[in-house]
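Worksheet for the structure shown next.
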Amino acid sequence: MSTFTLPARGGARPTTVHLDLITLLIVSSIVLLGLIIVTSASMSIASKEAGDPFLYLERQFVLVVAGAIAAAFAFAIRTEWLEKSALLLLALAGVLLIAVLIPGIGHSVNGSRRWIRLAGFNFQASEAARVMVLIFIASYAVRREAELRSSLMGLIKPLLVVSLFFGLLLMEPDFGAAVVLTATAFGVLFVAGARWRDVIGLAVIGAGLLAAVAVSSPYRLRRLTSFRNPWEDPFDSGFQLTQSLIAIGRGGWTGVGLGESVQKLFYLPEAHTDFLFAVLAEELGLFGVLLTIGLFVALAWRALYIARLANEAGLKFQSYLAAGFGIWVAIQAFINMGVNMGALPTKGLTLPFMSYGRSSLIVTLAWVGILLRVYHEAAQASRGTTAASLRGDSAVRLRGGAGEAVEA
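To convert, count from 1 in the sequence shown and add 1; that's our numbering.
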């Protein structure tokens, strides 16, 4: 932990800021590793597109700076305001996901309508919408805690809201984002106290519905069948996965060397975005893969640790926010890596903090700002409680001393 004091203004008391240096160190390490691998994975594509091999490095660096600014703004917002504005943010999330479906507002790329074009910048609405929905889920868990802990309806009500957004995401279509949102919401509600039998029962039903949705679309069904055996059609439906598996297989223990990947040379589609992990595995080998997995595990663990600190300080909403971040980053990283290794069907999900992605990186770093804010408020509340306890003990001792003096 690092603390520093901001100067007072207008006679106000100085403000003490608590920063979690461990979270900052982990996130900075992941982002830096991402910058290196994005540069390596995109050099051939950038040279072909613009004649500048470092084009995507420059863009990604600008996005990191923009994300850091967004994180600073998020850190400055009191989480109490987020809790009070949960319904408004939920409505805004709905507006964003509906807006992308409107011709002239939503922008289509590769057959998916997920972006809103603003001043030449494509903003993926689902990235921000997911955070807003999870803020609402955390707020609900605090407001309806007794109902959530004691009845099935207490769990069903927020999941009905999540199912509405699940449907909107499917209309884009963005099945991967819909799955991550649903799984994270389930996780937050379970942490908040939902009963085991309710969670397991609804999870089984939800898994069945997800399977039905997955096979209802010829496009998604084709992805599922190609995932089972991509070598049956290695030049069409199984092309991405076979190239990814070749890249990972070439990496061995120590990799072929940074910048020496062959698969990124127009063989592996989306090498700097969805399949960045395959390039990392090829160039850095198993050791690089274990380092990357370790960093994401450490970040998820730290988020859950901050959630526990907030809960111990009596900040339940803040605790659920931090837990939501930890659950989300673990699920999305797990799915992205699983897809790259052929353990899961192909999804259009980026590797958090690492893959090249504009709105994804900015929103994710802004969420880190919220996590750091939760840590700051938890540390403040804990210190305040400790100080009050010490003052109370001192007062008791003083009263006891005075009584003894009078009695004498």
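Where is the CB? At the ideal position from N, CA and C, for every residue including glycine.
Starting from the Cα of residue i, find the closest Cα among the options and give me that residue.
i, options, result
"Val-298", "Asp-21, Val-369, Gly-327, Leu-33", "Gly-327"
"Leu-1", "His-273, Leu-281, Arg-118, Ser-164", "It is not possible to answer for residue 1, since the shown part of the chain is limited to 2 through 409."
"Phe-137", "Gln-319, Met-355, Ile-336", "Gln-319"
"Ser-356", "Leu-153, Ala-73, Val-214, Ala-334", "Ala-334"
"Thr-24", "Ala-184, Gly-260, Val-375, Ala-279", "Val-375"
"Thr-425", "Val-263, Ser-109, Met-338", "The structure shown does not extend to residue 425, since the chain is modelled only from 2 through 409, so no value can be given for it."
"Leu-90", "Met-133, Leu-149, Gly-105", "Met-133"
"Pro-270", "Leu-242, Glu-173, Pro-104", "Leu-242"
"Thr-17", "Ala-77, Pro-54, Ala-51", "Ala-77"
"Gln-244", "Leu-373, Pro-346, Asn-341, Leu-56", "Asn-341"
"Leu-310", "Val-263, His-377, Ser-45", "His-377"
"Ala-382", "Ile-336, Asn-312, Gly-370, Ala-344", "Asn-312"
"Gly-343", "Lys-158, Phe-278, Arg-384", "Phe-278"
"Gly-95", "Phe-288, Ser-127, Gly-289, His-19", "Ser-127"
"Leu-97", "Ala-75, Leu-281, Ala-129, Val-162", "Ala-129"
"Ala-92", "Val-162, Glu-50, Val-63, Ala-51", "Val-162"
"Ala-301", "Ala-147, Glu-81, Val-263, Leu-372", "Leu-372"
"Ala-186", "Asp-234, Gly-207, Gly-325, Ala-213", "Gly-325"
My assumption, with CB atoms under 8 Å, is that residue i sits in contact with residue j. Please give the rounded CB distance.
i, j, result
"Ala-179", "Leu-190", "About 17 Å separates the two Cβ atoms, so there is no contact after all."
"Lys-348", "Gly-168", "With a Cβ gap of about 18 Å, Lys-348 and Gly-168 do not count as contacting."
"Ala-142", "Tyr-306", "Actually they are not in contact, since the Cβ atoms of Ala-142 and Tyr-306 sit about 19 Å apart, beyond 8 Å."
"Ala-42", "Lys-317", "With a Cβ gap of about 42 Å, Ala-42 and Lys-317 do not count as contacting."
"Ser-140", "Ala-87", "4 Å"
"Leu-203", "Arg-131", "So it is not a contact: roughly 20 Å between Cβ atoms."
"Gly-260", "Glu-284", "7 Å"
Please state the DSSP three-state secondary structure of residue i.
i, result
"Gln-264", "coil"
"Ser-245", "helix"
"Gly-258", "coil"
"Arg-118", "strand"
"Pro-104", "strand"
"Glu-408", "For Glu-408, the predicted model reports a pLDDT of 39, less than 50, meaning its position is unreliable and no value from the coordinates is stated."
"Leu-90", "helix"
"Ser-48", "helix"
"Phe-124", "strand"
"Thr-365", "helix"
"Ser-109", "strand"
"His-273", "coil"
"Leu-20", "strand"
"Ile-336", "helix"
"Phe-76", "helix"
"Leu-316", "coil"
"Phe-55", "coil"
"Ser-30", "helix"
"Lys-348", "coil"
"Phe-62", "helix"
"Gly-209", "helix"
"Ser-152", "coil"
"Ala-142", "helix"
"Pro-442", "Nothing can be reported for residue 442: it is not among the residues displayed for the chain, which extend from 2 to 409."
Using a Cβ-Cβ cutoff of less than 7 Å, which residues in the same chain neighbour residue i once the five nearest sequence positions on both sides are dropped?
i, result
"Gly-286", "Gly-252, Gly-253, Trp-254, Thr-255, Gly-256"
"Asp-199", "Leu-153, Leu-156"
"Pro-353", "Val-330, Gln-333, Ala-334, Thr-365"
"Gly-188", "Ile-328"
"Asn-123", "His-108, Trp-116, Arg-359"
"Leu-83", "Ile-136"
"Phe-267", "Ser-45"
"Asp-53", "Ala-47"
"Val-101", "Gly-107, Arg-114, Arg-115, Trp-116, Ile-117, Ala-126, Glu-173"
"Phe-288", "Trp-254, Thr-255"
Classify residue i: buried if its beta carbon has 16 or more other beta carbons within 10 angstroms, exposed otherwise.
i, result
"Leu-292", "exposed"
"Ala-380", "buried"
"Asp-21", "buried"
"Gly-315", "exposed"
"Trp-368", "buried"
"Val-205", "exposed"
"Ser-48", "exposed"
"Phe-166", "buried"
"Phe-276", "buried"
"Arg-303", "buried"
Might you give, ordered along the chain, the residues of its own chain that have their beta carbon closer than 6 Å to the beta carbon of residue i, omitting 5 neighbours on each side?
i, result
"Gln-125", "Arg-115, Trp-116, Ser-360"
"Glu-405", "Model confidence at Glu-405 stands at a pLDDT of 43, short of 50, so the residue's coordinates are unreliable and nothing is read from them."
"Thr-40", "Leu-58"
"Val-290", "Ala-282"
"Pro-231", "Gly-239, Leu-242, Thr-243"
For residue i, which residues from the same chain have a beta carbon less than 8 Å from its beta carbon, with the 5 sequence-adjacent residues on both sides left out?
i, result
"Leu-296", "Ile-27, Ser-30, Ile-31, Leu-34"
"Val-65", "Val-32, Leu-36, Leu-362, Leu-366"
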